[in-house]
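Under our numbering, the letters of the sequence shown match residues 23 to 133, in that order.
Here the structure is laid out as structure tokens; the discussion comes afterwards.
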Amino acid sequence: MKGTNLGEFEELILLTVGILYDNAYSVAIQKELNKQTGRKVTLSSVHAAVYRLEEKGLLNSRMGEMTSERGGKRKRIFTISQSGKVALDKANDIRNRLRDQIPTIAFDHLS
23 MKGTNLGEFE
33 ELILLTVGIL
43 YDNAYSVAIQ
53 KELNKQTGRK
63 VTLSSVHAAV
73 YRLEEKGLLN
83 SRMGEMTSER
93 GGKRKRIFTI
103 SQSGKVALDK
113 ANDIRNRLRD
123 QIPTIAFDHL
133 S
């Protein structure tokens, strides 16, 4: 398995795959990311990220059933692997630990 450090976009992809659970295929991931983040995420960037995450061992994939709406083509469904969950937990823990160390006074002037 390659490195498990996550970039921001990779983390967003993993989180979105988790949200979509058993309906996490590339187009659905793209649409959900656009909706959740307000970003204009391209399908090609989603494809690159999911395959990179799968190569790192953070996502698994399987072929879904054929559907008439896709002309008989099957969707590749992605799920978070155990390593993906560990990477998300680690990223969240690091972020929270760092955030918790910022003294309240650092934000006082922002109110």
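All C-beta atoms in this analysis are idealised placements derived from N, C-alpha and C, irrespective of residue type, glycine included.
DSSP puts Ser83 in a beta bridge; with which residues? In the DSSP assignment, the residues bridged to Ser83 are Phe100.
Backbone CA spacing between Lys112 and Leu81 [nearest angstrom]: For Lys112 and Leu81, the distance between alpha carbons rounds to 16 Å.
Cβ neighbours of Thr38 in the same chain (closer than 6 Å, five flanking residues each side left out): Ile51, Glu54 and Leu55
Buried or exposed for Glu32, please, with buried defined as at least 16 other CB atoms from any protein chain shown within 10 angstroms of its CB. Buried.
Just to confirm, are Leu36 and Leu120 a CB contact at a threshold of 8 Å? no
Of the choices Ile116, Pro125, Ile102 and His131, whose alpha-carbon is the least far from that of Gly40? Ile102
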